[in-house]
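Working notes, beginning with the structure itself.
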Amino acid sequence: MKWNAEYEKAIRYTGHLATAGLTVAATLATGGVLTSIVVGIAAAVLKDEMQASVSYPRVARGWHYELTYQNEFLWSPHPWGRRCFTQGVIAIARDWEGAEKYRAVSKTTYNTDELPDGLARTIASARSRASESNYV
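Yeah, the sequence shown ends on 193 if you go by my numbering, and it's all consecutive.
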């Protein structure tokens, strides 16, 4: 986990420097004042900190990351029947002992009128797939 923390810190600080430099250059090029520079840098640093707090699956050497897709297609010939396609994605990160360290589940439902003709049926009739990445 030390690698993840160091990587996050490097991304955050690099983003701070790049955004601050860009803000200063843009403000000076347009003839701005010191106040606009300070406000621009403060806003950029706040944005970068918010980006750094976004959750993502952290992994370490020997861990596994699994993605499982689940698709469901509902269609009824009746005008008031349900016609939708639901796609679920499960993301799991496991440590070297197989213990689950991260899990994210998302489900998205689409009305079949929103999708190209036949796409929902084709995806739902395909075999479910699970993919796994090993970090060595």
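Where a beta carbon is used, it is the ideal one built from N, C-alpha and C, also for glycine.
Please confirm whether residue i and residue j have their CB atoms less than 8 Å apart.
i: residue 80; j: residue 94; result: yes
i: residue 102; j: residue 73; result: yes
Compute the Euclidean distance between the alpha carbons of residue i and residue j, then round it to the nearest angstrom.
i: residue 77; j: residue 169; result: 46 Å
i: residue 104; j: residue 125; result: 32 Å
i: residue 96; j: residue 70; result: 18 Å
i: residue 85; j: residue 177; result: 53 Å
i: residue 139; j: residue 160; result: 30 Å
i: residue 63; j: residue 118; result: 15 Å
Note down, in chain order, each residue of its chain lying with its Cβ closer than 7 Å to the Cβ of residue i, except the 5 sequence neighbours on either side.
i: residue 65; result: 109
i: residue 120; result: 150, 151, 152, 153, 192
Out of the options, which one is the CA nearest neighbour of residue i?
i: residue 158; options: 98, 138, 149, 164; result: 149
i: residue 175; options: 165, 141, 156; result: 141
i: residue 123; options: 75, 83, 155; result: 155
Leaving out the 5 sequence neighbours to the left and right, which residues in its chain are closer than 6 Å to residue i when beta-carbon positions are compared?
i: residue 98; result: 77, 80
i: residue 162; result: 147
i: residue 165; result: 144
i: residue 167; result: 142
Once the 5 residues before and after residue i are set aside, which same chain residues still bring their CB inside 8 Å of it?
i: residue 106; result: 69
i: residue 181; result: 128, 129, 130, 142
i: residue 184; result: none
i: residue 172; result: 142
Next on the checklist: Contact between the stretch 114-130 and the stretch 145-163 is defined here as three or more beta-carbon pairs at a separation below 8 Å; is this criterion met?
Outcome noted: In the pairwise beta carbon analysis, the stretch 114-130 is classified as touching the stretch 145-163: at least three pairs are separated by under 8 Å.
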